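Mapping to the UniProt record's numbering: the sequence shown position 49 is 49, numbers consecutive.
Ideal placement from N, C-alpha and C gives every residue a C-beta, glycine not left out.
If you're wondering where the values come from, they're calculated on a predicted model, not measured in any experiment.
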Amino acid sequence: MSENKAVIILVVVTVVFFVVIDTGVTQLLFNKIGDLLTTMVTNVFSGVN
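And the structure:
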């Protein structure tokens, strides 16, 4: 189950990245996305451990 969650998160993150790049608001959102990514990755690894 955790592997499926990781794949889903990866797909969602990729889609979000492409959407952000298309809208051209990368500079403003990259910091927030980075924070969200860090939180999600931390939560995923905490769940695995």
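Do residue i and residue j have their C-beta atoms closer together than 9 Å?
i	j	result
valine 44	serine 2	yes
valine 7	isoleucine 33	no
Can you round the beta-carbon distance between residue i and residue j to whole angstroms, since I take them to be within the 8 Å contact cut?
i	j	result
residue 53	valine 20	The question about residue 53 has no answer, for the chain in this structure spans 1 to 49.
Going by Cα to Cα distance, which pick from the options is closest to residue i?
i	options	result
threonine 14	Asn31, Ser46 and Leu37	Leu37
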